[in-house]
Amino acid sequence: MAPAQKSEYRGYVHQMQKTLMVNWYERLGESALKGWPPAVCLMVSGNCIELLQAFDVLPIYPEVNALQLAIRHQSLEPIVAAEEIGYASDNCAYVKADIGAYLKGITPTGNKMPTAALILCNFVGCNTYLKWFEHVSAFTGAPMYVLDVPFLRYDKPTADDITYVVKQLKELVGLLEGITHTKFDYDRFKQAVQYSAEVESLWSEIKHLSKHSPSPFDAYFDAITLMGPLYVYRASSVGVDFFRAALQELKERVANGQGVYDEERFRIVVEGPPPYPHFKTFRDMFAKWRACTVASTYSTVGGLWEFGFRHDPENPFESVALHMIENNVTNRNYLQRYAQIERYADEWKADGVIIHFVKSCRLFSAGQGDMRDYFTKVLKRPTLYIESDLEDPRYFSEAQIRNRMDAFFESLEHQKTMANVAGE
Amino acid sequence: MNPDNGIDLAGILGQAATMAQDVTFQSVRGWKAQHENAKAIGYFPVYTPVELIHAAGALPVGLNGAGDQLDIQHADARFGSFICSIVKTTMELALTGHLEPLDGMLFHSICDSARNLCFVYKRHFAENLYVDFLHLPHNPSSVASQEFLVSEYRRLKKNLENLTNRTVTDQDIRLAIKVYNENRRALSDLYRYRQEEPHMLPTAELYVLQRAGNFMPVEEHTQWLKAVRQALPNRPMKRRDSIRVVVEGSFCEQPPIGFIKILEGAGCYVVDDDFLLGKRWFTEDVPIGDDPIHDLAESYVQRSVYSSVRHDWRKPRFLGLVEKVKAGKADAVVFCLAKFCEPAFFDYVLFKRELEKEGIPHLLIEFEEKMFTFDRARTEIETFVESLLFE
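Chains A and B supply the protein sequences, listed in that same order.
Position one of the first sequence corresponds to residue 386 (the numbering used here), numbered consecutively onward.
Position one of the second sequence corresponds to residue -5 (the numbering used here), numbered consecutively onward.
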């Protein structure tokens, strides 16, 4: 076996996204100090950033704050603070970290966070969102609006589903007018939707680049890096510029035959969020085997665009509704997730699937044993199932996960060797 | 037969206790044998519009897990750690053929685990079982919610018509609303009576009586409830030193009956609870008007009880709990929360905060439907009760 690698691709896009996210936090800090522009709390999954952008309202994403705390190894203190006031050890640790951070005045960058002018619970499948935002509203006193998105019960949404969401989006317009003291500008909304459509095309093209072998980026770990700008800047020219630059850089890597590792030995599909408190350790477990993730479900939480959906400036409300109902992984049903992974495995030519069960997130994890059963027994795909958490550093058994990962990759290597022998 | 009033109270309660724990669904099998080609439709907690199932000539069958009646041998591997027991036992019931009498199964937007369970069901059983998911709206403040729910109920009606091969008329639905209103009223009568005279109606009895209604025609169940109510005042029961408590948090997975007995035995008169909450879902009768589907949807949006799985920030549910405590003249709240139940454990934080603001004592007990030793729970409850009785 070749010596273990720890290096990973760190390009210009990584630096640029860092700058963009720092800028966002600085703008939030300014909002906290000056009271303007107003900020609205919303959820990453199926977000309707286009409407906020049309009003120049700043988004606050509690999930992004929580994961930033975890990746900076700062999540345990707020989690414990939340548990001290009654949250259970089994409650979602994202929520606990966010509430605990609020109670203790902790923010990811040290900047102040504004009090939200509106708690906008864009409910797309995750019931924990509802509880989370009820609690944020209860603790901060900020008003809440639940934008109830019907779960995708069948393959496609019904006409009634779309009508329901559009009506609520129009109610939201009224609320945003009240917060900003600004009349809704339909053309600005259309422009924001147009920017989103452009970003989505660029992002989709990026995701299809990982079909190349070697893949120019890791579609789990590097994709996560690119996801921040996708949520904060998607509906703006800043987002278009960023993703255009990212695509160009990655295309150059493809042209030069540059992969994530010197030699790409395994191509993997990953299901589930990462263990943010142990992000680097987890990545190194892949790097050791030069295993590159070529597709991941987690990178479709904010939106699923690689299969063709785009926002439509000619039908802005309907397309925002369609994005929220049908085109993000959390509001799609569980069997659609099986199909999504299967398609990734086939079209991105993966060697295996790794399912990461996270204790905090039942939406992702409840039933993943059945998913494993489907991939191993029905599809005959090499599949690994591991458990930890996305936010709570206490739920990560490094030695156990490492052993399982090593055994999985050894097995994959053996299969490849046997296949080569058979082919000679 | 009790010669005093002609009502066999012990017999009814005995039958109810048997039915409440019967995972072979003998009563459902019996009903189907008597009704040729009739269908039985199961539903996962907490609430489902049973009126539509009834109107389609089918028998609604409420599933609340398998309690301690079934070992989990297959479902653990499919749902993994940190997932509540009711999801696993509901899967286990189906994997082991126990749900053979059912022709359909409904799930709802109550929590993430139940949501995924619906689709795991679809993968395994959809060939022989109608499996559907109802999106019950979470934004009652929007006028669009009611319209949406009407469309969702019409979709369900159509699917039930296809399954039962019959047309469901508005009159069928009106009749169903009428009989379920009667059932809810009869249950409310019993709840009111227990609140006034808790020593006369132990909660373990009320519980099995209520749960048996999951497996029998609603009209017969209502007759039972009325008969029991009539017979209760004649029972020779003694008062005990107990505190009056509201039980909160058992709206989905149900504690073992032994656990409920322990709660009472350790010195709690339960004056209100949320066991099997879907059976008492509305604050008043569902109106019976020209458009009964609209009446059902409007009732859900405007006149539902507060619940951890229904989201209505117009009135936070922690205010509902405080009102319940005051209306029941309760001394305390006992939270009985199923292990790994996210909605219940999240709500506990805001419930607790509000109760402490109001100076209302509370105790948290965690349970699993399959638990069989109660020593620790008994000690905790006894200590809590003593602290209140002798403070």
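Backbone N, C-alpha and C fix where the C-beta goes; we use that ideal spot for every residue, glycine too.
- Contact between the stretch 656 to 665 of chain A and the stretch 729 to 740 of chain A is present: 3 or more CB-CB pairs across the two stretches fall below 8 Å.
- With 16 or more other Cβ atoms from the protein chains shown falling within 10 Å of its own Cβ, N476 of chain A counts as buried.
- Judged by DSSP in its simplified three-state form, G526 of chain A adopts coil rather than helix or strand.
- Taking 8 Å as the threshold, the shortest C-beta distance from N788 of chain A to chain B does not fall below it.
- The shortest C-alpha to C-alpha distance from V280 of chain B to any of B:S298, B:L315, B:K318 is the one to B:S298.
- Burial check for M210 of chain B: the Cβ neighbour count within 10 Å reaches 16 or more, so the residue is buried.
- For the options A:V584, A:H708, A:L764, A:K744, the alpha carbon positioned closest to that of E772 of chain A is the one of A:K744.
- Residues of chain B whose Cβ lies closer than 8 Å to the Cβ of A620 of chain A do not exist, since the nearest Cβ in that chain is about 23 Å away.
- Shortest Cα-Cα distance from Q63 of chain B to any of B:R372, B:E363, B:L382, B:D235 involves B:E363.
- Looking at the backbone, the Cα of E583 of chain A and that of S622 of chain A are separated by about 9 Å.
- The alpha helix (DSSP H) runs lying completely inside the stretch 442 to 505 of chain A and spanning 4 residues or more are 447 to 456, 461 to 469, 478 to 489, given in chain order.
- At a cut-off of 8 Å between beta carbons, D483 of chain A makes no contact with chain B.
- Within the stretch 186 to 218 of chain B, the alpha helix (DSSP H) runs of at least 4 residues that lie entirely inside it are, in chain order, 197 to 206.
- Taken through DSSP and simplified to helix, strand or coil, L764 of chain A comes out as coil.
- Judged by DSSP secondary structure, D235 of chain B falls outside any beta strand (DSSP E); it is assigned neither H nor E.
- Under the three-pair Cβ rule at 8 Å, the stretch 617 to 631 of chain A counts as touching the stretch 397 to 413 of chain A.
- Residue environment: K116 of chain B is assigned as buried (16 or more neighbouring CB atoms within 10 Å of its CB, all protein chains considered).
- Residues of chain B whose Cβ lies closer than 8 Å to the Cβ of L748 of chain A are, in chain order, D106, R109, N110.
- Straight through space, the alpha carbons of V316 of chain B and E348 of chain B are spaced by roughly 8 Å.
- If you compare the alpha carbons of A:I484, A:S460, A:E448 with that of Y780 of chain A, the shortest gap goes to A:S460.
- For R652 of chain A, the uninterrupted beta strand (DSSP E) segment begins and ends at 651 to 656.
- Flagged as an interface residue toward chain A: K116 of chain B, by a C-beta distance shorter than 8 Å.
- L413 of chain A is a Cβ neighbour of N496 of chain A, given a cutoff of 8 Å.
- Under the three-state reduction of DSSP output, D791 of chain A falls in the helix class.
- Relative to L437 of chain A, the option among A:Y729, A:L418, A:K568 whose CA is nearest is A:K568.
- Closer than 8 Å to the CB of I445 of chain A there is not a single CB belonging to chain B.
- Rounded to whole angstroms, the separation of the alpha carbons of L53 of chain B and E30 of chain B is 12 Å.
- For A676 of chain A, the uninterrupted beta strand (DSSP E) run begins and ends at 676 to 681, by DSSP.
- The beta carbon of A439 of chain A does not come within 8 Å of any beta carbon belonging to chain B, so the residue lies off that interface.
- In the DSSP secondary-structure assignment, S773 of chain A is bridged to A:V743.
- Put simply, the stretch 102 to 122 of chain B touches the stretch 510 to 519 of chain A. At least three CB pairs are less than 8 Å apart.
- Taking a cut-off of 8 Å for Cβ pairs, the stretch 559 to 577 of chain A and the stretch 156 to 175 of chain B do not touch, as fewer than three such pairs fall below it.
- Here L181 of chain B has Q204, L219, K273, R274 as same chain residues with Cβ atoms under 7 Å from its own Cβ, once five neighbours each way along the sequence are excluded.
- Annotation for V531 of chain A: C506, F508, L515, F518 place their beta carbon closer than 8 Å to its own, counting only its chain and skipping 5 residues before and after.
- Per DSSP, the beta-bridge partners of F276 of chain B are B:S298.
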